[in-house]
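Q: My questions all concern the structure below.
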Amino acid sequence: MKLYELTIHEAHELLKKGEISSKELTLSVIERIQKVEDKVRAYVTINEEEALKNSEEVDNTRDFSTFLSGIPVAIKDNICTYNLRTTCSSKILENFIPPYDATVIKKLKTNNAVIIGKTNMDEFAMGSSTENSAFFPTRNPWDQTRVPGGSSGGSAAAVAADECIYALGSDTGGSIRQPANYCGVVGLKPTYGRVSRYGLVAYASSLDQIGPITKDVTDCAIVLNSICGWDEKDSTSADVPVDDFTKYLVEDVRGLRVGIPKEYMGEGIDEDVKSAVLSTAKLLEKMGAFCEEISLPHTEYALWAYYIIAPAEASSNLARYDGIRYGVRAKNYDDLIDLYKKTRSEGFGAEVKRRIMLGTYALSAGYYDAYYLKAQKVRTLVKRDFDRAFEKYDLILSPVAPSTAFKIGEMVDDPLKMYMSDVCTIPVNMAGLPAISIPVSFSNALPVGIQLIGKAFGEGTLLKVSYTLEKAVNLEKRKPQLD
Amino acid sequence: MKISKETVEHVANLARLYLNDEEKKEMAEKLSSILEYMDKLSELDTSNVPPTSHVIPIHNVFREDVVMESLPLSEVLKNAPDSEKGFFKVPRVIEE
Chain A
1 MKLYELTIHE AHELLKKGEI SSKELTLSVI ERIQKVEDKV RAYVTINEEE ALKNSEEVDN
61 TRDFSTFLSG IPVAIKDNIC TYNLRTTCSS KILENFIPPY DATVIKKLKT NNAVIIGKTN
121 MDEFAMGSST ENSAFFPTRN PWDQTRVPGG SSGGSAAAVA ADECIYALGS DTGGSIRQPA
181 NYCGVVGLKP TYGRVSRYGL VAYASSLDQI GPITKDVTDC AIVLNSICGW DEKDSTSADV
241 PVDDFTKYLV EDVRGLRVGI PKEYMGEGID EDVKSAVLST AKLLEKMGAF CEEISLPHTE
301 YALWAYYIIA PAEASSNLAR YDGIRYGVRA KNYDDLIDLY KKTRSEGFGA EVKRRIMLGT
361 YALSAGYYDA YYLKAQKVRT LVKRDFDRAF EKYDLILSPV APSTAFKIGE MVDDPLKMYM
421 SDVCTIPVNM AGLPAISIPV SFSNALPVGI QLIGKAFGEG TLLKVSYTLE KAVNLEKRKP
481 QLD
Chain B
1 MKISKETVEH VANLARLYLN DEEKKEMAEK LSSILEYMDK LSELDTSNVP PTSHVIPIHN
61 VFREDVVMES LPLSEVLKNA PDSEKGFFKV PRVIEE
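And the structure:
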């Protein structure tokens with residue numbers, strides 16, 4: 001086995017025993033990037049020199065007591081990294097070098113993680129395909145004519161292509177789970193507030209959440225352990241006890257009550273995706289769980305309420321890009337307002353402008369009640385759907401996306417169709433719940449995953465069931481052919 | 001809800017964006033079709049439903065009022081597109 005193919009826990013064992021060094025592991029990953037990056041294009045910035053230096057430093061300490069010590073990680077390019085360019089895949093932030101680390105980065109650095117680079121994404125995390133990057137689209141390692149999903153497409157593709165050992169992404173409406181699903185890896189969106197958002201470039205603040213994208217469920221628990229916890233720098237961070245999530249890595253689903261929402265299995269969902277969900281339900285039942293159909297009646301409304309709330313918050317958050325304190329400034333302008341307008345018009349891409357416009361419209365005089373307030377009320381109804389379901393069930397099982405990875409360019413001119421690809425993931429963000437995407441099968445050589453949705457702060461149950469399923473389907477060592 | 005070119009111009013001004021004629025036309029069409037779908041929300045009676053702006057109870061975070069070191073000026077201005085003598089440089093805003 002090549003070193004770059006290792007999981008965190010496998011690499012950790014070898015590092016601890018002294019059988020490999022962090023520098024060897026990091027070099028192996030860098031060589032892999034050099035070999036396959038032309039085909040995948042997962043990275044905006046590769047931090048080669050610094051990563052090698054850091055790996056040597058870790059080797060010198062000989063301290064591999066923590067799981068992440070000396071292990072290369074890829075970071076979505078909307079998470080601030082001190083002295084390392086953070087662009088959000090936008091022209092407006094093309095030259096931005098953060099003067100501070102996001103809290104999650106600080107935590108990774110405390111654990112001696114080695115940051116290998118910053119991954120491509122849809123501009124400001126707005127999109128479902130990583131085609132909206134201002135720089136270049138990332139390709140799906142399983143089929144390079146297809147999208148890796150979005151907006152954390154670079155992170156998911158980098159993990160699937162073994163261009164890192166694990167990655168961090170962010171999820172506002174499915175941006176960790178959907179690309180993890182298309183790329184055949186594990187992606188977890190933690191409960192809102194579980195992980196600090198300090199240093200995450202804000203898209204829609206009441207929905208955004210940072211989470212891990214990993215090669216297997218064990219790694220997912222390990223990364224969550226390292227990044228979660230209350231943070232005084234984030235007023236939306238939840239002050240709940242920090243669990244050891246590795247204790248949930250046991251095979252046991254006996255007595256578990258699982259609901260399968262019929263609204264997630266209806267029209268528009270491909271047959272192979274439905275059959276992956278139903279086979280998973282059968283498998284769970286065989287192992288002692290109880291599954292039955294349930295209803296989450298406001299699912300369709302959740303999508304449209306999301307596309308009011310998220311752009312409204314985005315229009316406010318993105319007001320800070322005015323060409324004064326950071327980012328790119330337009331070259332010729334007449335006065336201050338002209339400077340703002342030219343900078344923003346030249347700096348933002350089409351999808352970002354569309355969402356700023358939609359959000360500004362929804363918040364403008366005369367429309368606030370009709371759109372924004374209405375959407376926030378619908379959000380309450382969506383949350384109540386889940387509250388009711390969780391009175392009876394421990395877990396919800398559903399598809400992650402309506403289809404497997406679609407072709408590059410297939411939906412790029414049709415935002416409505418693109419928005420529909422997030423229909424199974426968006427309600428989870430609206431309710432702030434944790435959810436995980438794990439691969440369970442293949443259809444026409446493309447990965448198909450399932451989504452498990454848990455109660456608030458119920459990541460432990462999600463990890464336990466995912467771990468059990470992962471062992472049962474045994475897909476973990478299947479790799480895309482890139483050589 | 002049909003969005004007119006005039007509405008697009010008004011909203012673009014609020015959002016501090018310039019749009020050319022083609023972009024205005026495209027924006028009017030795409031926003032209209034997106035908002036048409038959003039009108040589905042009016043099917044729901046939400047008169048007695050409270051809005052949810054955050055799913056967890058959030059409150060202001062206060063820290064002790066102690067003097068701490070701030071970022072050095074050079075770090076603050078490092079990303080500035082234009083600066084002079086320790087300040088961000090902006091176009092003149094005071095009219096003659």
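These protein sequence lines map, in sequence, to chains A and B. Heads up: the first sequence begins at 1 in full-length UniProt numbering, then just goes up one per residue. Heads up: the second sequence begins at 1 in full-length UniProt numbering, then just goes up one per residue. C-beta: ideal position from N, C-alpha, C; glycine also. This structure is a prediction, so every number in the text was calculated from the model and none was measured.
Indicate the three-state DSSP secondary structure (helix, strand or coil) for D219/A in the structure shown.
A: Reduced to three states, the DSSP call for D219/A is helix.
Q: Could you name the residues of the stretch 294 to 317 of chain A whose beta carbon sits closer than 8 angstroms to any beta carbon of chain B, in the order they occur along the chain?
A: Under the 8 angstroms Cβ criterion, the stretch 294 to 317 of chain A contributes H298, E300, Y301, W304, A305, Y307, I308 and S315.
Q: Work out the CA separation of P179/A and E36/B for me, nearest whole Å.
A: Each residue's Cα considered, the two are about 28 angstroms apart.
Q: If you draw a straight line from the alpha carbon of A80/B to that of I324/A, how long is it in whole angstroms?
A: Their Cα atoms are separated by approximately 6 angstroms.
Q: Could you compute how far the alpha carbon of S403/A sits from the alpha carbon of D63/A?
A: Each residue's alpha carbon lies about 44 angstroms from the other.
Q: Could you tell me the boundaries of the beta strand (DSSP E) in which Y306/A lies?
A: That residue, Y306/A, is in no beta strand (DSSP E); its alpha helix (DSSP H) goes T299 to N317.
Q: Is the stretch 218 to 237 of chain A touching the stretch 256 to 273 of chain A in the sense that three or more CB pairs, one from each, lie closer than 8 angstroms?
A: No: the two stretches stay apart, fewer than three of their Cβ pairs being nearer than 8 angstroms.
Q: Run through the stretch 80 to 155 of chain A for me and flag every whole alpha helix (DSSP H) of 4 or more residues, listed as ranges in chain order.
A: As far as the stretch 80 to 155 of chain A is concerned, its whole alpha helix (DSSP H) runs of at least 4 residues are 103 to 110.
Q: Please identify the residue among K118/A, T461/A, V195/A and D413/A whose C-alpha is closest to the C-alpha of residue 484/A.
A: The shown model of chain A, from 1 to 483, leaves out residue 484/A, and the question about it has no answer.
Q: Find the residues of chain D that neighbour F88/B, judging by a C-beta separation of less than 8 angstroms, and give them in chain order.
A: Structure shown: chain D not included; protein chains present are A and B.
Q: In terms of residues, what are the limits of the beta strand (DSSP E) holding A431/A?
A: Element bounds for A431/A: not the beta strand (DSSP E) but the alpha helix (DSSP H), I426 to A431.
Q: Quick one: which residues of the stretch 416 to 435 of chain A get their C-beta closer than 7 angstroms to a C-beta of chain B? List them in chain order.
A: Residues passing the 7 angstroms Cβ filter: L416, A431 and G432.
Q: Taking 8 angstroms as the threshold (beta carbon to beta carbon), is D65/B in contact with chain A?
A: Output row for D65/B: interface = no.
Q: Step through the CB atoms of chain B and report whether any lies within less than 8 angstroms of the CB of R344/A.
A: Yes, R344/A counts as interfacial toward chain B.
Q: Run down chain B in chain order and give the residues with a C-beta less than 7 angstroms from the C-beta of V378/A.
A: Ordered by position in chain B, the residues that pass the 7 angstroms Cβ test against V378/A are L41, L44 and T46.
Q: S206/A CB to nearest chain B CB: under 8 angstroms?
A: Chain B contact via Cβ: present.
Q: Residues of chain A with a CB under 7 angstroms from the CB of K30/B: which are they?
A: What K30/B touches in chain A: R354 and P415.
Q: When the Cα atoms are used, what is the spatial distance from L469/A to D422/A?
A: Taking the straight line joining both Cα atoms gives about 24 angstroms.
Q: Return the chain-ordered list of same chain residues with a C-beta closer than 6 angstroms to the C-beta of V378/A, the five sequence neighbours on each side being excluded.
A: Contacts found: Y301 and A305.
Q: When Cβ atoms are compared, which residues of the stretch 227 to 246 of chain A fall closer than 7 angstroms to chain B?
A: Taking 7 angstroms as the Cβ-Cβ cut-off against chain B, the residues of the stretch 227 to 246 of chain A that qualify are E232, S235, T236 and A238.
Q: Thinking C-alpha only, which one of Y340/A, A389/A, V58/A and P148/A is nearest V93/B?
A: Checked all of Y340/A, A389/A, V58/A and P148/A; the closest Cα to V93/B is Y340/A.
Q: Quick one: is R329/A near chain B, going by C-beta distance under 8 angstroms?
A: Closer than 8 angstroms to some Cβ of chain B, the Cβ of R329/A qualifies, so yes.
Q: Roughly how many whole angstroms lie between the Cα atoms of residue 565/A and F290/A?
A: Outside the displayed span of chain A (1 to 483) sits residue 565/A, for which this structure offers no information.
Q: Going straight from the alpha carbon of S33/B to that of K25/B, what length do you get?
A: Roughly 13 angstroms between the two C-alpha positions.
Q: Look at V114/A and G169/A and say whether their C-beta atoms are less than 8 angstroms apart.
A: In this structure, G169/A does not lie closer than 8 angstroms to V114/A by Cβ.
Q: What is the C-beta distance between P439/A and P141/A, in whole angstroms, given that I count them as a contact (C-beta under 8 angstroms)?
A: Going by Cβ atoms, the distance from P439/A to P141/A rounds to 13 angstroms, so no, they are not a contact pair.
Q: Can you tell me the Cα-Cα spacing of A74/A and I8/A, whole angstroms?
A: The alpha-carbon atoms of A74/A and I8/A are separated by roughly 13 angstroms.
Q: Sort P297/A, K342/A, A160/A and V400/A by Cα distance to K274/A and report the nearest one.
A: K274/A has its Cα closest to that of V400/A, out of P297/A, K342/A, A160/A and V400/A.
Q: Report the rounded CA-to-CA distance for L397/A versus M287/A, giving the unit in angstroms.
A: One C-alpha to the other measures close to 15 angstroms.
Q: At which residues does the alpha helix (DSSP H) containing S28/A begin and terminate?
A: Where S28/A is concerned, the enclosing alpha helix (DSSP H) stretches over S22 to V40.
Q: Evaluate G327/A with the Cβ neighbour count: other Cβ atoms within 10 Å of its Cβ, from every protein chain shown; 16 or more gives buried, anything less gives exposed.
A: Buried is the call here.
Q: Indicate the three-state DSSP secondary structure (helix, strand or coil) for G259/A in the structure shown.
A: Three-state DSSP puts G259/A in a strand.
Q: As a quick exercise: from Q209/A, A281/A and A238/A, pick the residue whose alpha carbon is nearest that of N429/A.
A: When only C-alpha atoms are compared, the closest one is Q209/A.
Q: Among V90/B, K30/B and L17/B, whose alpha-carbon lies nearest the alpha-carbon of Y419/A?
A: Here the closest residue by C-alpha is K30/B.
Q: Hey, is E6/B's beta-carbon within less than 8 angstroms of any beta-carbon in chain A?
A: No, E6/B lies away from the interface with chain A (no Cβ there is under 8 angstroms from its Cβ).
Q: Determine whether the beta carbon atoms of A167/A and C183/A lie at a separation below 8 angstroms.
A: It is not a contact, given that the beta carbons lie outside the stated cut-off.
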